[in-house]
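Chemist: Numbering-wise, the numbering used here comes out as the position in the sequence shown, counting from 1, plus 57.
Cβ coordinates follow ideal geometry from the N, Cα and C atoms, glycine included.
For reference, the structure I am asking about is given below.
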Amino acid sequence: MRRNRLIVTLLVLAAGAIAGGWLVQRALRRSTRVDAGGARLLAAVMERVRDSYVDSLTVDELWRRAAIGLVDELGDPNSTYLPPDRLKRLTEATSGLYSGVGIQADRREGLVVVMAVRPNSPAEHAGVQAGDRLIEADGQSMRGWTMEEARNAMRGTPGTTLKLVVERGTSRIPFSIARGEIHVPSVSRAFVLDGGVGYVLLSTFSDSAREELTRTVDSLGAAGARSLVLDLRNNPGGLLNQGVAIADLFLDKGQEIVEVRARGQKRQMVYVDSAEQRWPRLPMAVLVNAGTASAAEIVAGALQDHDRALVLGRTSYGKGSAQNVFELDGGGGLKLTTARWFTPSGRSISRPVRTADGAPDVINDRAERPVFKTDGGRKVFGGGGITPDLAAGDSVPVPAERAFLLALGADAPKFREALKDFAAAEVRRGALRDTAFTVSPAMRDGLWTMAARKRVDVPRSLYDDASTLVDRQLGNELARQAFGLAYAGRRLARNDKVVQRAAVLLRKVTDPKQVLARIGEDSATK
């Protein structure tokens with residue numbers, strides 16, 4: 058109650074500053090529950106800016122900027138004011154739901170082209186197909202549209218109608234599609250690799266993440282998977298409760314998953330596994346990198362601390378805090394850090410925020426990081442993210458590839474466009490008939506010609522030296538356009554050194570306890 062009175066008093070004081078300084082003075086004299094100096098400072102600054110700043114600002118704009126400045130001054134990159142559009146996107150990401158027609162698209166040769174249609178979506182029911190070229194939306198030509206423009210046109214209020222015209226071959230086909238609720242799956246990709254190794258790419262921790270993963274791993278087991286690679290690379294996290302729920306699937310009943318500490322000693326919460334493991338005899342590896350954050354780190358940290366999985370890749374992002382989102386008047390929101398979390402061994406994996414004097418925010422030397430022990434006595438490290446049990450994958454490109462990427466510079470978007478357009482031309486002329494294709498020198502030459510046509514200014518020698526990178530990118534784009542997203546995902550996994558290293562380790566074990574024993578053997582063969 059006291060805090061509520063304080064907030065109300067501060068609002069009155071600041072509002073008085075806008076109305077006139079005399080009201081502030083009256084409020085200050087009448088209030089004994091606020092820091093009068095701080096209130097006077099806020100009032101004086103806002104009044105001076107309103108009256109004297111070179112550009113005229115409305116009272117609403119002053120309030121908005123003051124609010125943003127307050128949050129920014131916390132020095133916490135995870136706390137921020139969310140304008141209505143950003144709050145909407147965050148809500149969609151965490152719920153896994155949005156209102157639209159269910160088309161996944163990309164740009165090719167200046168057109169927006171359907172890459173895939175989400176199952177059971179309005180677009181699928183209407184008959185839209187992969188490969189359709191989007192020509193008109195609600196009577197407006199879509200030629201030259203950006204992906205953001207196309208996305209905004211296809212999304213909207215549930216029940217409203219999108220009038221779409223597509224090109225399919227030489228025909229133009231009109232569609233009238235009622236927008237509806239679309240579910241974006243947390244599991245982006247799943248299949249069985251050679252040797253009975255199941256692979257799951259979990260892209261986010263939305264409301265349905267546990268349910269989707271459970272269903273996916275069960276289906277992989279039915280398809281012959283005897284072990285599992287759980288790929289959390291570039292997973293930014295999401296809902297903390299879904300991180301807890303997914304860790305719960307792989308740990309024993311009663312094992313700690315994460316401890317969450319809010320301000321004040323009485324506000325600690327320890328999340329403990331509530332049920333027996335669903336797949337107790339399933340050996341597994343977890344893949345992480347610098348894009349693995351938040352709830353994804355909760356899962357990786359819990360499985361590592363309890364010696365349940367081998368963690369491979371590169372050190373994760375290091376976001377050991379939890380945020381709440383508070384809705385505000387006007388449709389915006391406040392995302393505010395309200396707690397820090399710790400792994401079962403007691404680790405905080407938060408990466409230090411860059412200091413005001415520019416000191417580095419990354420601790421590379423393990424000697425500088427606190428050491429903890431897993432259930433089995435292995436050393437693990439706090440601070441600066443989840444350190445993998447086995448480092449895998451290049452942290453930086455090889456020199457030739459790095460030189461090519463640096464030379465691309467601002468031309469990188471034009472090179473990506475050249476990749477897409479050249480692949481589309483190859484598919485159109487029927488150059489790819491077999492999924493086991495390889496990128497030929499002639500294809501590489503053709504891509505170079507297309508890139509030059511789009512004014513990509515890179516020396517040919519650097520392009521040739523980076524042929525491995527070029528072939529990989531071109532091969533992936535050709536596979537995506539010729540054989541679809543599912544096959545392209547399999548091709549990516551086959552060519553992914555980190556995935557393949559994990560698969561090699563898992564093929565040689567039959568029990569989860571054998572996985573960690575493979576670390577020394579693997580290192581000896583490198």
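In three-state terms, what does DSSP make of LEU542?
Modeler: Helix at LEU542.
Chemist: GLY450 and ASN346 look like a contact to me (Cβ under 8 Å); what is the Cβ gap, rounded to whole Å?
Modeler: With a Cβ gap of about 7 Å, GLY450 and ASN346 count as contacting.
Chemist: Taking the beta strand (DSSP E) that TRP398 falls in, what are its first and last residues?
Modeler: Here the beta strand (DSSP E) through TRP398 covers 390 to 399.
Chemist: When DSSP labels each residue in this structure, what does SER109 get in the three-state scheme?
Modeler: If DSSP states are grouped into helix, strand and coil, SER109 belongs with the helices.
Chemist: Whose CA, out of SER228, ILE125, TYR256, lies closest to the CA of LYS392?
Modeler: Of the candidates SER228, ILE125, TYR256, the one whose C-alpha sits nearest the C-alpha of LYS392 is ILE125.
Chemist: Give the straight-line distance between the Cα atoms of ARG212 and VAL428, rounded to the nearest whole angstrom.
Modeler: So the two alpha carbons sit approximately 49 Å from each other.
Chemist: For GLU224, which beta-bridge partners are listed by DSSP?
Modeler: For GLU224, which the question treats as bridged, DSSP gives the partners ARG190, ARG229.
Chemist: Suppose the cutoff is 6 Å on Cβ atoms and the five residues either side in sequence are ignored; what does the same chain contact list for SER228 look like?
Modeler: Excluding positions up to five away in sequence, the list is empty.
Chemist: Apart from the five residues just before and just after ARG404, which ones in its own chain have a Cβ nearer than 6 Å to its Cβ?
Modeler: Excluding positions up to five away in sequence, the list reads PHE429, GLY439.
Chemist: Just the C-alpha distance for ALA173 and GLY546, rounded to the nearest angstrom, thanks.
Modeler: Straight-line Cα distance between these residues: approximately 13 Å.
Chemist: According to DSSP, is MET199 helix, strand or coil?
Modeler: Coil.
Chemist: Have a look at the DSSP bridge pairing and note the partners of ASN346.
Modeler: Note: ASN346 sits in no beta bridge, so no partner.
Chemist: Please state whether DSSP places ILE576 in a helix, a strand or coil.
Modeler: In the structure shown, ILE576 sits in a helix (DSSP, three-state: H, G or I).
Chemist: By DSSP, does ALA413 sit in helix, in strand, or in coil?
Modeler: Here the model assigns ALA413 a pLDDT of 39, short of 50, so the residue's position is not dependable, and the following value carries that caveat. The answer is coil: DSSP assigns ALA413 none of H, G, I, E or B.
Chemist: Assuming ALA359 and ALA304 are in contact, meaning their beta carbons sit under 8 Å apart, how far apart are those beta carbons, in whole angstroms?
Modeler: Sure, about 4 Å apart at Cβ, within 8 Å.
Chemist: Are the beta-carbon atoms belonging to GLY255 and SER284 less than 8 Å from one another?
Modeler: Yes. Within cutoff.
Chemist: Looking at the structure shown, is ASP288 part of a helix, part of a strand, or coil, going by DSSP?
Modeler: Correct three-state label for ASP288: strand.
Chemist: Helix, strand or coil, according to DSSP, for TYR328 in the structure here?
Modeler: DSSP places TYR328 in strand when its eight states are reduced to three.
Chemist: Take ALA379 as the anchor and find which of PRO401, ALA481, ALA162, ALA350 has the nearest alpha-carbon.
Modeler: Looking at the Cα atoms, ALA350 is the closest of the given residues.
Chemist: Please state the DSSP three-state secondary structure of PHE479.
Modeler: Of the three classes helix, strand and coil, the one that applies to PHE479 here is helix, per DSSP.
Chemist: Return the bridge partner residues of TYR155 from the DSSP annotation.
Modeler: For TYR155, which the question treats as bridged, DSSP gives the partners ILE239.
Chemist: Below 8 Å on the Cβ atoms is my contact criterion, and I expect ASP264 with GLY153 to pass it. Report the Cβ-Cβ distance as a whole number of Å.
Modeler: ASP264 to GLY153, Cβ: 6 Å. Contact.
Chemist: How many angstroms separate the CA atom of PRO215 from the CA atom of VAL566?
Modeler: If I take the Cα positions, the gap works out to 50 Å.
Chemist: What residues in its chain sit with their C-beta under 8 Å from that of TRP505, if we drop five residues either side in the sequence?
Modeler: Counting only Cβ-Cβ distances below 8 Å, and skipping sequence neighbours, we find ARG517, TYR520.
Chemist: Counting only the same chain and skipping the five closest in sequence on each side, list residues whose C-beta sits under 8 Å from that of ASP629.
Modeler: Residue 629 is absent from the model: the chain starts at 58 and stops at 583.
Chemist: Locate the alpha helix (DSSP H) running through GLY487, then write down its first and last residues.
Modeler: Unbroken run through GLY487: none, as it is neither H nor E.
Chemist: Excluding the five sequence neighbours on either side, which residues of its own chain have a C-beta within less than 8 Å of the C-beta of GLY253, listed in chain order?
Modeler: Closer than 8 Å at the Cβ level, and outside the excluded window around GLY253, lie GLY281, ALA282, ARG283, SER284, ARG564.
Chemist: Between which two residues does the alpha helix (DSSP H) containing ASN209 stretch?
Modeler: Start and end: 204 to 211.
Chemist: May I ask you to verify whether the region 357 to 374 touches the region 328 to 346, counting CB pairs closer than 8 Å and requiring at least 3?
Modeler: In short, these stretches touch, since the Cβ pair count reaches three.
Chemist: Taking all protein chains shown into account, decide if ASP446 is buried (16 or more other Cβ within 10 angstroms of its Cβ) or exposed.
Modeler: ASP446 is buried by the Cβ-count criterion.
Chemist: Below 8 Å between beta carbons: does that hold for ALA357 and PHE262?
Modeler: Against a cut-off of 8 Å, the Cβ pair of PHE262 and ALA357 comes out as no contact.
Chemist: So, helix, strand or coil for THR137, using DSSP?
Modeler: Strand.
Chemist: Can PRO179 and VAL158 be called in contact, C-beta distance under 8 Å?
Modeler: In contact: PRO179 and VAL158 (Cβ atoms closer than 8 Å).
Chemist: Using the Cβ count rule (16 or more neighbours within 10 Å means buried), how would you classify MET199?
Modeler: Counting Cβ neighbours within 10 Å, MET199 comes out buried, since at least 16 surround it.
Chemist: Check each candidate in GLY132, LEU369, ALA266, LEU287 and name the one with the smallest Cα separation from ILE587.
Modeler: A query on residue 587 cannot be resolved here, the shown segment of the chain reaching from 58 to 583 and no further.
Chemist: May I ask you to report which of helix, strand or coil DSSP gives ALA366?
Modeler: DSSP places ALA366 in coil when its eight states are reduced to three.
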